[in-house]
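**Student:** Shown below is the structure under consideration.
2 protein chains.
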Amino acid sequence: MKDVRKLKLEELNRIDLSEFKNIDKIPIVIVLDSIRSGLNVGSIFRTSDAYLIQKMCLCGITSTPPHKEILKTAIGANNSVDWEYYENSELAIEELKKQNYVIIGIEQTNNSIEIESFKVDTSSKYAIVLGNEVEGIHENLLPLIDTFIEIKQYGTKHSLNVSVCAGIIIHAFAKHFHAK
Amino acid sequence: MKDVRKLKLEELNRIDLSEFKNIDKIPIVIVLDSIRSGLNVGSIFRTSDAYLIQKMCLCGITSTPPHKEILKTAIGANNSVDWEYYENSELAIEELKKQNYVIIGIEQTNNSIEIESFKVDTSSKYAIVLGNEVEGIHENLLPLIDTFIEIKQYGTKHSLNVSVCAGIIIHAFAKHFHAK
Numbered sequence: 000m001k002d003v004r005k006l007k008l009e010e011l012n013r014i015d016l017s018e019f020k021n022i023d024k025i026p027i028v029i030v031l032d033s034i035r036s037g038l039n040v041g042s043i044f045r046t047s048d049a050y051l052i053q054k055m056c057l058c059g060i061t062s063t064p065p066h067k068e069i070l071k072t073a074i075g076a077n078n079s080v081d082w083e084y085y086e087n088s089e090l091a092i093e094e095l096k097k098q099n100y101v102i103i104g105i106e107q108t109n110n111s112i113e114i115e116s117f118k119v120d121t122s123s124k125y126a127i128v129l130g131n132e133v134e135g136i137h138e139n140l141l142p143l144i145d146t147f148i149e150i151k152q153y154g155t156k157h158s159l160n161v162s163v164c165a166g167i168i169i170h171a172f173a174k175h176f177h178a179k
Numbered sequence: 000m001k002d003v004r005k006l007k008l009e010e011l012n013r014i015d016l017s018e019f020k021n022i023d024k025i026p027i028v029i030v031l032d033s034i035r036s037g038l039n040v041g042s043i044f045r046t047s048d049a050y051l052i053q054k055m056c057l058c059g060i061t062s063t064p065p066h067k068e069i070l071k072t073a074i075g076a077n078n079s080v081d082w083e084y085y086e087n088s089e090l091a092i093e094e095l096k097k098q099n100y101v102i103i104g105i106e107q108t109n110n111s112i113e114i115e116s117f118k119v120d121t122s123s124k125y126a127i128v129l130g131n132e133v134e135g136i137h138e139n140l141l142p143l144i145d146t147f148i149e150i151k152q153y154g155t156k157h158s159l160n161v162s163v164c165a166g167i168i169i170h171a172f173a174k175h176f177h178a179k
């Protein structure tokens, strides 16, 4: 393409930290159920910043800021995105249920909907639960979850990287709220 | 949800390595233009495996398998997905242009289309160029690119992590080919 140029940082019109704290967020909470790698947690912070996610609930063995790996991949998004730590995901989910969040589990189950088929209702609030890199979502949480969503895959591996999976799911949900 | 259970590995019907080598791929090539982190390269291998991407072109300073960081995040997908190394991305793109690939640059430019607005034509072949974590796509490649696509972002950070960005873009393209 001729005469094309990359935008300069100031042309991207990014908001600063104090604007971020004051801007309306979209009603999506991300629940990380014992994510082992701080690199994944940090990357999910960065994605949550980009889409104005309301809050992240860091549960169980999920590491919390400040943590060397989180800082490496969050590049500061751990300061913008609100987060809370819960000793276990059950407590987080039960509190979110009381606040009328629809609880979405990202998991390959006998009753999962493909992300393309799920209709996002922008009058609802959603909590999106992502499980451990190896074990997935803890068994004891399954009864608490309203809807399971999966990303259809065709290759040799069991699953996508959890921060990539989070990116695809957050993008798919957030675009409906930002288009409002 | 009651009576829900996670699928066992054998219920996911994943293909094995020899089936992967023989199965029809989707006509998408991923061009990595000097990606610094092997962790990002490995993660993009894993995503490319999941969506049956045709080939990855690893260019410039992009590390190539075997490499400790790639192996950590690719978890073997570097053996399934075909890849080639090019000393610079220009050579890769010029060859792909000769083979009638539409060259897509993922970059925030003065002339980028949002991913939601881009119409994927499943009778076309696409090469998707992803740039360096800090610098983006090299300036000298811009004239070779047919269409620029960006992912709209609302937060404080300049961009998404490149492997998350790759995941969102590959998913958005691949779903049309897999729905054929």
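For the record, the sequence lines run as chains A and B. The opening residue of the first sequence carries number 0 in numbering that gives the first Met the number 0; numbering runs sequentially from there. The opening residue of the second sequence carries number 0 in numbering that gives the first Met the number 0; numbering runs sequentially from there. Cβ coordinates follow ideal geometry from the N, Cα and C atoms, glycine included. Nothing here was measured: the structure is a model prediction, and the numbers come from that model.
1. Report the three-state DSSP secondary structure of A:Ala126 (helix, strand or coil).
2. How would you call B:His170, buried or exposed, if buried means at least 16 neighbouring beta carbons within 10 angstroms?
3. Can you give, in chain order, each stretch of the alpha helix (DSSP H) that sits fully within the stretch 19-65 of chain B and has at least 4 residues?
4. Taking buried to mean at least 16 other C-beta atoms within 10 Å of its own C-beta, is B:Asp48 buried or exposed?
5. Assign A:Ile69 to one of two classes, buried (16 or more other C-beta atoms within 10 Å of its C-beta) or exposed (fewer than that).
6. Could you please give the first and the last residue of the uninterrupted alpha helix (DSSP H) stretch that includes A:Thr155?
7. Compare the beta carbon distance of A:Tyr125 and A:Tyr100 with 8 Å and say whether it is the shorter of the two.
8. If you follow the alpha helix (DSSP H) that A:Ser88 is part of, which residue opens it and which one closes it?
9. Since I believe A:Phe176 is in contact with A:Ile148 (beta carbons under 8 Å), could you give me their beta-carbon distance rounded to a whole number of angstroms?
10. Residues in its own chain within less than 6 Å of B:Gly166 by CB, not counting five upstream and five downstream?
11. Quick one: residues in its chain with C-beta nearer than 6 Å to the C-beta of B:Ile114, no 5 flanking neighbours on either side, listed in chain order?
12. Take the Cβ of B:Leu141 as the centre, count every other Cβ of all protein chains shown within 10 Å, and call the residue buried at 16 or more, exposed below.
13. Which first and last residues belong to the alpha helix (DSSP H) in which A:Ile69 is found?
14. Out of A:Ser42, A:Val3, A:Val128, A:Lys7, which has the shortest C-alpha to C-alpha gap to A:Lys96?
15. I'd like the span of the beta strand (DSSP E) that includes B:Ser111, first residue to last.
16. Identify which residue in A:Asp23, A:Glu132, A:Ile34, A:Leu16 has its Cα closest to the Cα of A:Lys179.
17. Give the residues from the stretch 115-139 of chain A that approach chain B closer than 8 Å (Cβ to any Cβ), ordered along the chain.
18. Give the interface partners of A:Glu49 over in chain B, defined as CB-CB distance under 7 Å, in chain order.
19. Would you mind telling me which residues of chain B sit closer than 8 Å to A:His177, beta carbon to beta carbon, in chain order?
20. Please say whether A:Ser79 and B:Gly75 have beta carbons closer to each other than 8 Å?
21. Anything in chain B within Cβ reach of A:Ile21, meaning under 9 Å, just list it in chain order.
22. Considering only C-alpha positions, which residue in the set A:Leu38, A:Leu57, A:Val163 is nearest to A:Ile29?
23. Between the alpha carbons of A:Asn77 and A:Thr121, how many angstroms are there, rounded?
24. Distance check for A:Arg13 and B:Glu134, CA to CA, integer angstroms please.
25. My assumption, with CB atoms under 8 Å, is that B:Lys7 sits in contact with B:Gly41. Please give the rounded CB distance.
**Tutor:** For this structure:
1. Note: A:Ala126 maps to strand in three-state DSSP.
2. The residue is buried, with at least 16 neighbouring Cβ atoms inside 10 Å.
3. Listed in chain order, the complete alpha helix (DSSP H) runs (minimum 4 residues) inside the stretch 19-65 of chain B are 37-49.
4. Burial check for B:Asp48: the Cβ neighbour count within 10 Å reaches 16 or more, so the residue is buried.
5. Buried, by the Cβ-count rule.
6. No residue range can be given for A:Thr155, since it is assigned to no alpha helix (DSSP H) and is classified by DSSP as neither H nor E.
7. Between A:Tyr125 and A:Tyr100, the C-beta gap is smaller than 8 Å, which places the two residues in contact.
8. For A:Ser88, the uninterrupted alpha helix (DSSP H) segment begins and ends at 88-97.
9. Actually they are not in contact, since the Cβ atoms of A:Ile148 and A:Phe176 sit about 16 Å apart, beyond 8 Å.
10. Around B:Gly166: Thr46.
11. Take B:Ile114, set aside five residues on each side of it, and the residues of its chain with a beta-carbon closer than 6 Å to its own are Ile148, Ile150, Ala171, in chain order.
12. If you draw a 10 Å sphere on the C-beta of B:Leu141, you find 16 or more other C-beta atoms in it, and that means buried.
13. A:Ile69 -> alpha helix (DSSP H) spans 67-73.
14. In terms of CA proximity to A:Lys96, A:Val128 leads the group A:Ser42, A:Val3, A:Val128, A:Lys7.
15. That run of the beta strand (DSSP E) goes 111-113.
16. The residue from A:Asp23, A:Glu132, A:Ile34, A:Leu16 with its alpha-carbon nearest to that of A:Lys179 is A:Asp23.
17. Those would be Glu115, Gly135, Ile136, Glu138, in chain order.
18. The question names Glu, but residue 49 of chain A is Ala in the sequence shown. A:Ala49 reaches chain B at Gln152, Tyr153, Gly154, Lys156, Leu159, counting residues in chain order whose Cβ is nearer than 7 Å.
19. Correct list: Lys151, Tyr153.
20. Going by C-beta atoms, B:Gly75 is not nearer than 8 Å to A:Ser79.
21. Before going further, note that residue 21 of chain A is Asn rather than Ile in the sequence given. In chain order: nothing, as chain B lies at least about 12 Å away.
22. The residue with the shortest Cα to Cα distance from A:Ile29 is A:Leu57.
23. Take the alpha-carbon of A:Asn77 and the one of A:Thr121: they are about 26 Å apart.
24. In a straight line, the C-alpha of B:Glu134 is about 17 Å away from that of A:Arg13.
25. In fact, because the Cβ distance is near 26 Å, the residues do not count as touching under 8 Å.
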